[in-house]
Amino acid sequence: MSPAAAPVTSNVRREVLSNGLTVLVQELHTAPLASVWCWYRVGSGDEPPGLTGISHWVEHMNFKGTEQIPRDRIKGIVEKFGGMWNGYTWVDQTTYLETASSAALDQMLFIESQRMSASLFDAAECEAERTVVISELQGGENDPDQVLDIELTATALQTHPYRHPTIGWLHDLRSMTRAHLYDHYRRYYVPQNATLVVVGDVDTDDVLRKVEAYFEPIPGCEVKHYERPEERPQDAERRVLVEREGATGYVKIAYPSPAAGDPEFFALLVLDAVLTGAKGLSLWCAFRGAPPQRKSRLYTALVGRGLASMVSGALLPTRDPFLYTLSFTAADGVALRALEDVALEEIERVRTEGVTPQELARAKRQLKARLVFENDSVTSVAHQLGYFETIAGAGYLEQIGSRIASVTLDQVGEVARQRLVAQKRTVGWFRPMAPR
Amino acid sequence: MTSIQTLSRGLDPLRTTLDNGVVILAQESRAVAAIALNATFFAGSVHDAENLPGVAYLTRRTIDRGTAIRSADDIAATLDDRGVSLRTAVTRHTLSLSCLCLPEDFDEVLALIADIARHAVFPELELEKQRQEAITSLREDQDDPARVAYDTLLDLLYGRDHPYGRRVKGGLEALEAITRTHLVDFHRRRLTPSSLKVAVSGDVSAESAVASAERAFADWVGPVAENEPIAPPQDRRSRSCQSIAMPGKAQTDIAYGFAAVRRLDPRYYAYWVMNDILGQFGLGGRLAENIRERQGMAYYAYSTIEPAEGEGALVIHAGVAPENVARTIEAIDTEVRLLGREGPTVNELEETRDSLIGAIPRMLETNESIADFMLFAEQFALGLDYHHRLPGLLQQVTMDDVKEAAADILNPARAAVAIAGPPS
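If you're matching them up, the sequences are chains S and R in order.
Every position in the first sequence, counted from 1, becomes a number in the working numbering once 283 is added.
Take the second sequence: its letter number 221 is residue 203 in the working numbering, and every next letter is one higher.
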């Protein structure tokens, strides 16, 4: 057996500190690097009305200085060790990372311990960041595909907070105050609500000693999440039309998707691979280009026939049920109605006929390869460990391969029959208008 | 055994040149049970005819849609059945076919890539499909303010007559005029053994990877592709500015820049360090510190410098609210002028050098990045030991070198400025 054949996440050490902080350590001695991620179980799905976008804005503020790291000194700490740092917020999580030479382990842990306990939220910095966040939102509005996605999500979901964009609604970004931001920070940035992940060229015992030194002094306290309202069942098709100046038309079709913990999730993942090609399960690696999809059903039916120039499917693992979204870029001169009709015909065909054994085998093979490809760096491995610990709990990541392998033809047929029905779908169009 | 330990110390690639000129580079890495494959030809948009830009681009789009022995559907099945996504890409100078595959599929995928590279037939029907997709993609670019600002900047810096001012995707008219004969001719002239470099990195022994590549390419006979040097762009004596109104957009994109130096110019390393200080270090160097951190005007403000055969561009990018365009350009002018006149601080120079040197292991972590690095070193004849020499080359950059580089290029009075966004 080649030394690479063993799964890279097969030997993770999991500890919980006395203050409730979960720590995951995975030694990987493939390069002289270490990646440190700190994950918080809070995202845009935890935001009440009026405070949409607060998790993301708080993430920005957590790069703006702490008691022991002034804002203008953050730059340079890990860079000296060839490091990079960043963070992101999505529906269930807010997370921060540094990847650098493993000699910078102390510095990386120090930064994360400061971030958890001692961010400043200086009032003037909060104000300056308001316009930065609004600029980020407006940058997204330049992209018609993103505009349509936001409208589609807000139409498909009516009560669950996944309905609003992670960046928030403009009105809330204009009205939120420093007090709101700081309250959010203090409520959720506590050890019990966090997972610290360290992957790389490290010694596990040494890591744990250092983690204890930096994080044990942070007091534990209970976390009070708002209760997320359940989405009420959809019983009729919904439609949304966006008309703006633009050059290209887009169509999106969304269906309610199961939560990551729902047994149906893996059957739908396989079905998505049959329809649009397998993407794997890493949000961190999700933007690396098109999946293997030229034999997939929707590619063949739409791109193959010249109706669309791009087809994609998005089924992302989330804590609560969310959306499975199919997206199409209309080929130049093709009417959106014609594109939608053919897409719906194909969807109806898979709903009534299921998939073939050959398609099932191909989808599983693609997913197996993707799971290998997305473990290609200490940063990617650390991301996957933290992501699934945060949204689905301990042990989930290790089971993904076997759960995909055990999906049957009947299960894929059943998930298509139950979920891809007309009454549950939401259809969105972006129809470009000539410049006024 | 070369393996995990080797990579902890750096690369140890095997390099072979076949009699027909094909260069094969192989690096064993057992970190992940996968292999990255990249076949890159020295064939890009600079090789397009002046009056027909877009041929290299359409060649890239259509090359994997049929060979003498495989239909587009056969190729799709071979790839999809193995979970392989074949990426085809074209730049100004290169056309590449690359992918990741599982070790058990390596020989078959390599044979497929060789067949595509050598025997592509560009079926008429597939060309028509790709032409339509290319037109849609071009229209999307024309609707993207960041893209429009960047393309306009290249017009200002190089002009449409210069190979670097030419659009890789051509234009609507050219895309409609290109025929199958153009693609076949481009393929015959430019995709030849002497212009091909093949890089393999991953869970396979270097010897075995080289042997497989040799089997796939050794009997290929083809003409030698001639390469014209890239002429320098015209000297810029004054500032130029162009605004493109894009109704319906929410944010304005600014592209501000200069033509810099060739990758093989000895001053390149000083330019690299200088650019990092200006618009990379941390989340965007001095530019982000001013425009984003202090003034809160933009989500992104950073600069890039392009390592190219000819004088690539140093480009500053910023996305801002329409009402902040003037203030942002003023802030860019200030930072450009200041670094140009005074150079960096000692601390900035040291931190940046440490950061660039320290980042080398990250640059060489994944199989894809190792393959890219080997090809880059090969393209510019930097040597098999480039990764060993790179820290020294960066370390040798002095304060005077960086000051000189900054003084040479960073002058707002000679900048090109392109602005695309909602009408004011």
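Where a beta carbon is used, it is the ideal one built from N, C-alpha and C, also for glycine.
Quick caveat: nothing in here was measured; it's all calculated off a predicted structure.
Judged by their CB atoms, Leu357/R and Ala181/R are nearer to each other than the 9 Å cut-off.
Using a Cβ-Cβ distance cut-off of 8 Å, the region 508 to 519 of chain S and the region 350 to 363 of chain S are not in contact, since fewer than three pairs of beta carbons, one from each stretch, lie closer than that value. For Asp143/R, none of the residues of chain S pass the 9 Å Cβ criterion, the least Cβ distance being about 27 Å.
Between Ala402/R and Thr234/R a beta carbon distance of about 7 Å is seen, short of the 8 Å cut, so the two are scored as contacting.
In the structure shown, Gly596/S falls within a strand segment according to DSSP collapsed to helix, strand and coil. With respect to Met228/R, Pro127/R sits close: the two C-beta atoms are nearer than 9 Å.
With respect to Val617/S, Ala591/S sits close: the two C-beta atoms are nearer than 9 Å. Annotation: Leu154/R to Asp125/R spans about 14 Å, alpha carbon to alpha carbon.
Lys111, Gln114, Glu115, Ile117, Thr118 and Ser119: these are the residues of the region 102 to 120 of chain R whose beta carbon lies less than 7 Å from some beta carbon of chain S, given in chain order. Under the 8 Å Cβ criterion, the region 395 to 410 of chain S counts as touching the region 465 to 483 of chain S, having at least three qualifying pairs. Cα atoms of Ala621/S and Cys223/R: separation of roughly 43 Å, rounded to the nearest angstrom. Taking 8 Å as the Cβ-Cβ cut-off, the region 649 to 661 of chain S approaches chain R at Gln649, Leu650, Lys651, Ala652, Arg653, Val655, Phe656, Asn658, Asp659, Ser660 and Val661, given in chain order. Counting every other CB atom within 10 Å of its CB across the protein chains shown gives Val306/S a total of 16 or more, marking it as buried. For the region 341 to 371 of chain R, the set of positions with a beta-carbon nearer than 8 Å to some beta-carbon of chain S reads Ala341, Ile342, Pro343, Arg344, Leu346, Glu347, Thr348, Asn349 and Glu350 in chain order.
For Phe656/S, no beta strand (DSSP E) run applies; the uninterrupted alpha helix (DSSP H) run containing it begins and ends at Pro640 to Phe656, by DSSP.
Straight-line measurement puts the Cα of Ser400/S at about 10 Å from the Cα of Pro500/S.
Any Cβ of chain S closer than 9 Å to the Cβ of Arg69/R would place that residue at the interface, and such an atom is present. Under the three-state reduction of DSSP output, Val299/S falls in the strand class. Among the residues of the region 568 to 582 of chain S, those with a Cβ less than 8 Å away from any Cβ of chain R are Gly572, Ala573, Pro574, Pro575, Gln576, Arg577, Lys578 and Ser579, in the order of the chain.
Of the residues assessed, Val328/R falls on the exposed side of the cut-off, its CB having fewer than 16 other CB atoms within 10 angstroms. Listed by position along chain R, the residues whose Cβ is nearer than 9 Å to that of Gly669/S form an empty set, because the closest Cβ is around 18 Å away. Contacts between Ser194/R and chain S, judged by CB atoms closer than 8 Å, are missing: the closest CB pair is about 16 Å apart. Rounded to the nearest angstrom, the gap between the Cα atoms of Gly374/R and Gly340/R is 12 Å.
When beta bridges are read from the DSSP output, Asn20/R appears opposite Ser80/R and Ala181/R. The CB of Thr531/S comes closer than 7 Å to the CB of Thr118, Arg121, Glu122 and Asp125 in chain R, given here in chain order. Cβ contact annotation for Arg74/R (same chain, cutoff 6 Å, sequence separation greater than five): Gly26, Ser27 and Val28, in chain order. His164/R carries a helical assignment under DSSP once its states are collapsed to helix, strand and coil. Legend: CB atoms of the region 680 to 714 of chain S lying less than 8 Å from CB atoms of chain R are not found in any residue. In terms of beta-carbon proximity, Asp615/S lines the interface with chain R, with at least one pair separated by less than 9 Å.
Assigned with DSSP and collapsed to three states, Ala270/R falls in helix. Assignment of beta-bridge partners to Val319/S by DSSP yields Glu381/S and Val481/S.
A direct Cα-to-Cα measurement between Gln641/S and Pro85/R gives close to 22 Å. Note on geometry: alpha-carbon atoms of Val5/R and Ile311/R lie some 46 Å from one another. For the C-beta of Pro373/R, not a single chain S residue is nearer than 9 Å; the gap to the nearest is close to 10 Å. Excluding five sequence positions before and after Tyr497/S, the CB atoms of its chain that fall closer than 7 Å to its own CB belong to Leu392, Phe393 and Ser396, given in chain order.
When Cβ-Cβ separations below 9 Å define contact, Ile51/R makes no contact with chain S.
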